[in-house]
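Following: one structure in structure tokens, then a few remarks.
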Amino acid sequence: MSGPRRSSSSRRGFAGMTDQRQRQIAAEGGRAAHEQGTAHEFSTSEARQAGQKGGEAVSRDRSHMAAIGRRGGER
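Residue numbers are given in the working numbering: position 19 of the sequence shown equals residue 19, and the series is strictly consecutive.
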């Protein structure tokens, strides 16, 4: 005989927490990593490379770029 069955959609761990509590725990982890010196901080050159990579990826999507062009200077 097996034990009691749980539904496959039970919300355990992070899934069972509110968004606010998840953010609170994640923030604590980020602060701890910075205090220990293990957190990654982008240098200006790394940030520039990441921005260029993202820009290149977006500009390859011709339909997206065309839509931006059609909107022009709208706000």
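Note that the Cβ used here is the ideal one computed from N, Cα and C, for glycine as well.
Alpha helix (DSSP H) segment containing residue i, residue limits
i          : result
residue 21 : 19 to 36
residue 40 : First-last for residue 40: undefined, no H or E at that position.
residue 63 : 62 to 71
As assigned by DSSP and simplified to three states, the class of residue i
i          : result
residue 47 : helix
residue 56 : helix
Own chain residues within Cβ distance below 6 Å of residue i, not counting five before or after
i          : result
residue 43 : none
residue 33 : 39
Spatial neighbours of residue i in its chain, beta-carbon cut-off 8 Å, leaving aside the 5 residues before and after
i          : result
residue 17 : 25
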